[in-house]
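>
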Amino acid sequence: MADVPPQRAWLLMAAGDNRGHGGNAGYDDQFDAYYSWDSNVPNHKNLQVGDPIALWDKERLLGVSVIEEITTSPDKKLLSRCPECRTTRISERKKAEPRYRCMKCRHEFPEALPDVVEVVRYQARYDAAWTLLDGVLGEHELRSLAVNAGDINAMRPLDWSAFREALVTKGAARAVDRVAARVDLSWPRTRGPAVEFPQGFSQALVRVRKGQRQFRDRLLTAQGSLCAFTGEAPARVLEAGHLYSYAQLGTHFEHGGLMLRRDIHRLFDDGLLAVTPSALRIDVAPSLATYPQYARLHDEPLTLRLRDEQVDWLGKHWREHRMAHSA
Numbered sequence: 047m048a049d050v051p052p053q054r055a056w057l058l059m060a061a062g063d064n065r066g067h068g069g070n071a072g073y074d075d076q077f078d079a080y081y082s083w084d085s086n087v088p089n090h091k092n093l094q095v096g097d098p099i100a101l102w103d104k105e106r107l108l109g110v111s112v113i114e115e116i117t118t119s120p121d122k123k124l125l126s127r128c129p130e131c132r133t134t135r136i137s138e139r140k141k142a143e144p145r146y147r148c149m150k151c152r153h154e155f156p157e158a159l160p161d162v163v164e165v166v167r168y169q170a171r172y173d174a175a176w177t178l179l180d181g182v183l184g185e186h187e188l189r190s191l192a193v194n195a196g197d198i199n200a201m202r203p204l205d206w207s208a209f210r211e212a213l214v215t216k217g218a219a220r221a222v223d224r225v226a227a228r229v230d231l232s233w234p235r236t237r238g239p240a241v242e243f244p245q246g247f248s249q250a251l252v253r254v255r256k257g258q259r260q261f262r263d264r265l266l267t268a269q270g271s272l273c274a275f276t277g278e279a280p281a282r283v284l285e286a287g288h289l290y291s292y293a294q295l296g297t298h299f300e301h302g303g304l305m306l307r308r309d310i311h312r313l314f315d316d317g318l319l320a321v322t323p324s325a326l327r328i329d330v331a332p333s334l335a336t337y338p339q340y341a342r343l344h345d346e347p348l349t350l351r352l353r354d355e356q357v358d359w360l361g362k363h364w365r366e367h368r369m370a371h372s373a
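Just so we're aligned, residue 47 is where the sequence shown starts under the working numbering, counting upward by one.
1) Does chain D have any CB closer than 8 Å to the CB of G303?
2) Looking only at its own chain, which residues have a Cβ that is under 6 Å from the Cβ of L334, when we skip the five neighbours before and after it?
3) If you compare alpha carbons, which of A274, A100 and A79 is closest to S207?
4) By Cβ distance, which residues of its chain are closer than 8 Å to E130, with the 5 residues on each side in sequence left out?
5) Pick helix, strand or coil for E114, following the three-state DSSP scheme.
6) Which residues mark the beginning and the end of the beta strand (DSSP E) in which S190 is found?
7) Spatial neighbours of G181 within its chain, please: C-beta separation below 8 Å, excluding the five flanking residues on both sides.
8) For a quick check, are the C-beta atoms of V112 and A200 less than 8 Å apart?
9) Give the secondary structure of I328 by DSSP, where H, G and I count as helix, E and B as strand, and everything else as coil.
10) Does the Cβ of D315 have 16 or more other Cβ atoms within 10 Å, making it buried, or fewer, making it exposed?
11) What is the rounded straight-line gap between the Cα of F275 and the Cα of R342?
12) Evaluate contact between the segment 179-198 and the segment 157-171, counting only Cβ atoms and requiring at least three cross-stretch pairs below 8 Å.
13) Pick out whichever of A320, P338 and A325 has its Cα sitting closest to the Cα of A331.
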């Protein structure tokens, strides 16, 4: 039997203003939804749709997910160079003067040399499976889980097996399960076709999301712009939440979902929010009850009438996340 290759995964740095690198202006990342980089960055071509990722801010883990889509487009980038050796490997100092120091030639200078270059801009979306794990692992733990010891790149290969064990040890098994449900190790390394557009291209995780848009449109038409747990909300923030594991069944059942606000969707998938089968009232897990915005949902009725099929699915969800854990 052939050996299964190790799961490729990535540790992505979303450091914001704490980047420690003054050679460029950074990116407009929204760390819980998408991550951006360009063709000047090491490993820029290596990330693929279907790869698990972990994001950190140089001090702690932020969360985990799976890349759902990668888009590219031509762009221009403003680089800041050392006026002495022209490298972009410069650091911007917060207190010391002069403001900049070159990490290559050690030259210190008050103003960097601007240089506009053409690049390919990449953006990976992963909000569908995003799970917040703020601070579950710290800086030293994360650095030790990189495939290559001493790797300092913003996008570095992650030892997924060791990372997974570290999360399980910290009690974050649900996050591991959520990511694993969206990753199929039997897929080839090139996952999904590339669809070309005039301004770039998009590579999407077609197998997982096939029919998802139609499923959402159908639910939105039937339910309206309404989160089943919290009430009226802009359609932009509502997602089509399956009441079962789509990753396991691979089927969009006609009455197998509800429109849920994005945060509610995540918490429902993790079992932190559930619905009592007998009274059809919201049940908030104790670990979530410390947050007032969710605590006040406890024992509240849903905001719409359910079909029998939806009630059945919610009963299965209850047995999985409440009865199984109390046994």
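Just so you know, even glycine gets a beta-carbon here, dropped at the ideal spot from N, CA and C.
Since the model is a prediction, treat every value here as computed from it, not as a measurement.
Looking at the coordinates:
1) Of the chains in the structure shown, none is chain D; there is only one protein chain.
2) Indexing the sequence shown from 1 puts residue 334 at position 288. Contacts found: L318 and Y340.
3) Here residue 207 refers to the residue found at position 161 of the sequence shown. Among A274, A100 and A79, the Cα nearest to that of S207 belongs to A100.
4) By 1-based counting over the sequence shown, the position of residue 130 is 84. Around E130: C148, C151, H153 and F155.
5) To locate residue 114, count along the sequence shown from 1; it is residue 68. Coil at E114, not helix or strand.
6) The count along the sequence shown starts at 1 and reaches residue 190 at position 144. Element bounds for S190: not the beta strand (DSSP E) but the alpha helix (DSSP H), E185 to S190.
7) Position 135 of the sequence shown, counted from the start, is the residue given in the question as residue 181. R106 and L107.
8) Working through the sequence shown from its first residue, we reach residue 112 at position 66. Working through the sequence shown from its first residue, we reach residue 200 at position 154. Not a contact, by the Cβ cut-off of 8 Å.
9) Your numbering for residue 328 matches position 282 in the sequence shown. Strand at I328.
10) Numbered from 1 along the sequence shown, position 269 holds the residue referred to as residue 315. When all chains shown are included, D315 counts as buried.
11) Within the sequence shown, numbered from 1, the residue matching residue 275 stands at position 229. Within the sequence shown, numbered from 1, the residue matching residue 342 stands at position 296. Straight-line Cα distance between these residues: approximately 11 Å.
12) no
13) As a first step, residue 331 must be located in the sequence shown, where it is residue number 285. Cα-wise, what sits closest to A331 is A320.
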